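Peer 1: One gets our numbering by counting positions in the sequence shown from 1 and adding 3 to each. Glycine included, every Cβ here is placed at the ideal spot set by N, Cα and C. Values in this document were obtained by computation on a predicted structure and should not be read as measured data. Can you keep this structure in mind? I'll have questions shortly.
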Amino acid sequence: MEKILANENRIKEISEKMANYKTAFLDDLTKILSIPSVNASATEKYPYGKATADALDQFLEIAKTMGFKTHNYDYQVGYAEFGEGDKMIAVLCHLDVVPAGEGWEHDPFEPRIKDGKIFARGVADNKGPAIANLYAMKALMDEGFKPDCRIRLIVGLNEETGFGCMKHYHKIGGEMPYAGYTPDAAFPAVFAEKGIIRISFKKSRKLFNKGIEINWLKAGEAVNMVPQVCRYQLQENGELLSEQEIEGKAAHASRPELGKNAIIEAIKKIKSDYPNLEDSLIDLYQKHLIRHIDGKDMGINCSDISGELTMNLGLIDINPVEINFTLDIRYPVTFEGKEIIAKLKENMNKLDFELDSSYDEKPLNLGHDSQMIQTAMKIYNDNMGTNDEAVAMGGGTYARSIPNVFAFGAVFPGTTDSMHQVNENASVNHLLAASYIYKETLKTFAEKLI
């Protein structure tokens, strides 16, 4: 398949339409990126930890200074808004980020610009797009645009680990949009998102202090990431034999083919070094149940217009008395999650693993002919000089939790996806170009969809 290259000349031309905002844009983005807003244990005031609250405070302060009306719903979700009217158009972003992981060339929360790109955790997912949309709204206000509706930028703090923020927004009676998008994917527009299963299995184990055994093995920082590092300790006749750290390559769980799973690499290493070692983990691998990302050997492989099923072994914890692991599965929109879960249980039970927990996020399918999506695609194609069509993807966004919303950008086709990876980055020109496309999209939505 021919590799798609980003149209850098076209993107640069579009970005220059936001050139007057570039310095302030980067200053505000740096402020947000400098906050390590990884979800943490809840406190009485901060449901997702102090860092996420700091990120929301900073974002709303920036928005307020620009002249937007702002609101904070209990450090779960906040918004910046302008315009008047009964109806509301929404942009949904998030300020929480996945753990930085190891192997960065610099501190992931000290943003740096190199070769026209900003490097920092969260710059692509999703703080860069959040700032891009804030400046899209500011540009509309500066132009004197007065929509017959309200345009609201909603920012959540728990997108990466459960969407609790949007559940809270529903719970307190948060207003639902007439139309909207979430810039938490890639261009062009996304008409369908695969279903998401997160499922954990466990099994008791016992060390016999005889021969070579796995004492412990741990990997994974978040289930929706391909593990980058796996550490394990082996013992021989009850005595320490060795400790190892195996490197893989991180990637988003919706695109596991872009990474290299450190757990699988560790199993290969153990098997190579000690071919006769027996363990439940080795059994899983030998029977191909966790070896392939398409789920074929589990009997769950399937595909449709939204693509093929993918499976990521995201978390594992082996200790002397138990093995516990968690899979992140993205399944096509026309299939049933409950049937996939049943098949997984059947296969795991054969190896004496029992279900620990399961979660099934249903697929989203808005269809190609959605007026919102057709409108967004025209704006995108007109600006980019393309004739692209809306796509389906494996990622899960806020579009699942708020009605009348679809995923739209902010990564341009042909760009290397660095979300959830070491040295996450985003091109400055790309962010500014996306900001302009969002400005035109919001303006057109307000003029034609309301």
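Whose C-alpha, out of D391, R403, Q231 and V425, is nearest the C-alpha of P416?
Peer 2: The shortest Cα separation from P416 among D391, R403, Q231 and V425 belongs to D391.
Peer 1: Taking the beta carbon of V324 as the centre, do at least 16 other beta carbons fall within 10 Å, making it buried, or is it exposed?
Peer 2: V324 should be labelled exposed.
Peer 1: Give the DSSP-derived three-state secondary structure of E357 in the structure shown.
Peer 2: Of the three classes helix, strand and coil, the one that applies to E357 here is strand, per DSSP.
Peer 1: Give the straight-line distance between the Cα atoms of H97 and K174, rounded to the nearest whole angstrom.
Peer 2: Each residue's alpha carbon lies about 18 Å from the other.
Peer 1: According to DSSP, A72 sits in a beta bridge with which residue or residues?
Peer 2: Residue 72 is actually Lys in this sequence, not Ala. DSSP output for K72 lists E84 as bridge partner(s).
Peer 1: Suppose contacts are defined by Cβ-Cβ distances below 9 Å. Is V408 in contact with K25 by that definition?
Peer 2: No.
Peer 1: Judging by CA-CA distance, which residue of Q247, E64 and F122 is the nearest neighbour of S37?
Peer 2: Closest by alpha carbon: F122.
Peer 1: Entirely within the stretch 170-231 and at least 3 residues each: give me those beta strand (DSSP E) ranges in chain order.
Peer 2: For the stretch 170-231, whole beta strand (DSSP E) runs of length 3 or above, ordered along the chain, are 182-185, 192-196, 198-207 and 215-222.
Peer 1: Would you kindly report the start and end of the unbroken beta strand (DSSP E) that includes L95?
Peer 2: Looking at the DSSP string, the run of the beta strand (DSSP E) that includes L95 is M91 to H97.
Peer 1: According to DSSP, is E19 part of a helix, a strand, or is it coil?
Peer 2: Three-state DSSP puts E19 in a helix.
Peer 1: Please report the Cβ distance between G131 and L32, rounded to the nearest whole angstrom; I am assuming they are in contact, meaning their Cβ atoms lie under 8 Å.
Peer 2: About 6 Å separates the two Cβ atoms, so the contact holds.
Peer 1: So, do the stretch 146-157 and the stretch 371-378 have three or more beta carbon pairs nearer to each other than 8 Å?
Peer 2: These segments do not touch.
Peer 1: Can you have a look at F328 and say buried or exposed, based on whether 16 or more other CB atoms are within 10 angstroms of its CB?
Peer 2: By the neighbour-count rule (16 or more Cβ atoms within 10 Å), F328 is buried.
Peer 1: Tell me the rounded alpha-carbon separation between I344 and E162.
Peer 2: Taking the straight line from one Cα to the other gives about 23 Å.
Peer 1: Comparing C-alpha positions only, which one of E196, Y277 and L280 sits nearest to S309?
Peer 2: If we check each option's Cα against that of S309, E196 comes out closest.
Peer 1: Would you mind reading off the limits of the beta strand (DSSP E) that contains Q247?
Peer 2: It spans E242 to E250 - the beta strand (DSSP E) in which Q247 sits, taken as one unbroken run.
Peer 1: If distances are taken between C-alpha atoms only, which option among E87, H423, M69 and K48 comes closest to D99?
Peer 2: Of the listed residues, the one whose Cα sits closest to D99 is H423.
Peer 1: On a CA-only basis, which of P39, L237 and E250 is nearest A222? Give me that one, please.
Peer 2: Of P39, L237 and E250, the residue nearest in Cα terms is E250.
Peer 1: Fully enclosed by the stretch 380-404, which beta strand (DSSP E) runs are 3 residues long or longer?
Peer 2: Segments of the beta strand (DSSP E) lying fully in the stretch 380-404: 394-396.
Peer 1: Let me know if L292 comes out buried or exposed under the rule of 16 or more other beta-carbons within 10 Å of its beta-carbon.
Peer 2: With 16 or more other Cβ atoms within 10 Å, it is buried.
Peer 1: Can you say whether Y441 is buried or exposed, counting buried as having 16 or more other CB atoms within 10 angstroms of its CB?
Peer 2: The residue is buried, with at least 16 neighbouring Cβ atoms inside 10 Å.
Peer 1: Would the stretch 349-362 count as touching the stretch 194-212 if we require 3 or more Cβ pairs under 8 Å?
Peer 2: The stretch 349-362 vs the stretch 194-212: in contact.
Peer 1: So who's on the other strand from G310, going by DSSP bridges?
Peer 2: In DSSP, G310 forms a bridge with D307.
Peer 1: Are three or more beta carbon pairs between the stretch 305-320 and the stretch 333-350 nearer than 8 Å?
Peer 2: With the cut-off at 8 Å, the stretch 305-320 and the stretch 333-350 touch.
Peer 1: Report back the beta-carbon spacing between T400 and A188 to the nearest angstrom; my notes put them in contact at under 8 Å.
Peer 2: That belief holds up - the Cβ atoms of T400 and A188 are roughly 6 Å apart, short of 8 Å.
Peer 1: Could you tell me the alpha carbon to alpha carbon distance between K6 and G176, rounded to whole angstroms?
Peer 2: Low confidence applies to K6: its pLDDT is 48, below 50, so where it sits in the model is not reliable, and the reading given next is rough at best. The alpha-carbon atoms of K6 and G176 are separated by roughly 46 Å.
Peer 1: Which term fits F211, buried or exposed, when burial requires 16 or more other beta carbons within 10 angstroms of its beta carbon?
Peer 2: Looking at its Cβ environment, which holds fewer than 16 other Cβ atoms inside 10 Å, F211 is exposed.
Peer 1: Does DSSP classify R490 as helix, strand or coil?
Peer 2: The structure shown does not extend to residue 490, since the chain is modelled only from 4 through 453, so no value can be given for it.
Peer 1: Kindly list the residues whose CB is nearer than 6 Å to the CB of L435, restricted to its own chain and excluding five residues on each side of it in sequence; keep chain order.
Peer 2: Around L435: S18 and M21.
Peer 1: Please classify L369: does DSSP put it in a helix, a strand, or coil?
Peer 2: Three-state DSSP puts L369 in coil, outside helix and strand.
Peer 1: Can you give me the Cβ contacts of P102 inside the same chain, cut-off strictly under 7 Å, excluding the 5 residues immediately before and after it?
Peer 2: Contacts found: V41, E224 and A225.
Peer 1: Check each candidate in R201, P39, T447 and I14 and name the one with the smallest Cα separation from D110.
Peer 2: Out of R201, P39, T447 and I14, P39 has the C-alpha closest to the C-alpha of D110.
Peer 1: Using the three-state DSSP reduction, which class does Q377 fall into: helix, strand or coil?
Peer 2: Of the three classes helix, strand and coil, the one that applies to Q377 here is helix, per DSSP.
Peer 1: Tell me which residues share the same chain as G104 and place their Cβ nearer than 7 Å to its Cβ, disregarding the 5 neighbours each side in the sequence.
Peer 2: Excluding positions up to five away in sequence, the list reads E224, Q231, A253 and V425.
Peer 1: I'd like the list of long-range same chain contacts for T194, defined as Cβ closer than 8 Å, with 5 residues on each side in sequence excluded.
Peer 2: First, the residue type needs correcting, since residue 194 is Phe and not Thr in the sequence shown. For F194, where only same-chain residues beyond five positions count, the Cβ hits under 8 Å are N368, L369, G370, H371, S373, I376, A393, V394, A395 and F409.
Peer 1: Give the straight-line distance between the Cα atoms of S438 and I215, rounded to the nearest whole angstrom.
Peer 2: In a straight line, the C-alpha of S438 is about 57 Å away from that of I215.
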